[in-house]
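Contents: one structure, followed by commentary.
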Amino acid sequence: GLRYWSLAAFIKRQSTLAERYIERYVLAAIGAAASRGLDGIICGHIHRPALETRNGIVYANDGDWVESLTAITEDAHGQLALVRWDGRAETLARVQAAPLLAAA
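Each step along the sequence shown adds one to the number in our numbering, with nothing skipped, and position 96 is 106.
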């Protein structure tokens, strides 16, 4: 009856060095997207789920299925969502992606 809980995820969150590394990774990813004129970037190497907009750039990290049980989804209208599944669906965050084509 208890919800899923990951010891590895707990320990990782407690490490300030890991937190600083992750923040540098996020800033570098956002900077790379901005320097290329992109609207956002989707990452997945570090197992830290996130979906946010910083300085006009969407940063998405899908986390993983082992520790955080998360994924990034996109609906038919271009809305991105960070979702978690541990026996039931839970939406953790949403952002509207930039449209590909302007209305004619």
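Glycine included, every Cβ here is placed at the ideal spot set by N, Cα and C.
From the DSSP output, which residues share a beta bridge with THR26?
Numbered from 1 along the sequence shown, position 16 holds the residue referred to as residue 26. None; THR26 has no bridge partner.
Under 8 angstroms between the Cβ atoms of ALA60 and ALA44?
Here residue 60 is taken as the residue at index 50 of the sequence shown, counted from 1. Here residue 44 is taken as the residue at index 34 of the sequence shown, counted from 1. Not a contact, by the Cβ cut-off of 8 angstroms.
Give the DSSP-derived three-state secondary structure of ALA41 in the structure shown.
Numbered from its first residue, the sequence shown carries residue 41 at position 31. Strictly speaking, residue 41 in this sequence is Gly, with Ala absent from that position. GLY41 falls in the helix class under three-state DSSP.
Out of GLY54, VAL105, ASP49, HIS87, which has the shortest C-alpha to C-alpha gap to VAL76?
Counting from 1 along the sequence shown, the entry for residue 76 is found at position 66. When each option's Cα is compared against that of VAL76, the closest is GLY54.
Out of curiosity, what's the CA-to-CA distance linking ILE21 and GLU29?
Numbered from 1 along the sequence shown, position 11 holds the residue referred to as residue 21. Numbered from 1 along the sequence shown, position 19 holds the residue referred to as residue 29. Distance between the alpha carbons of ILE21 and GLU29: 11 angstroms.
In terms of residues, what are the limits of the beta strand (DSSP E) holding ILE82?
Residue numbering aside, residue 82 sits at position 72 when the sequence shown is read from its first letter. Note, ILE82: beta strand (DSSP E), 80-84.
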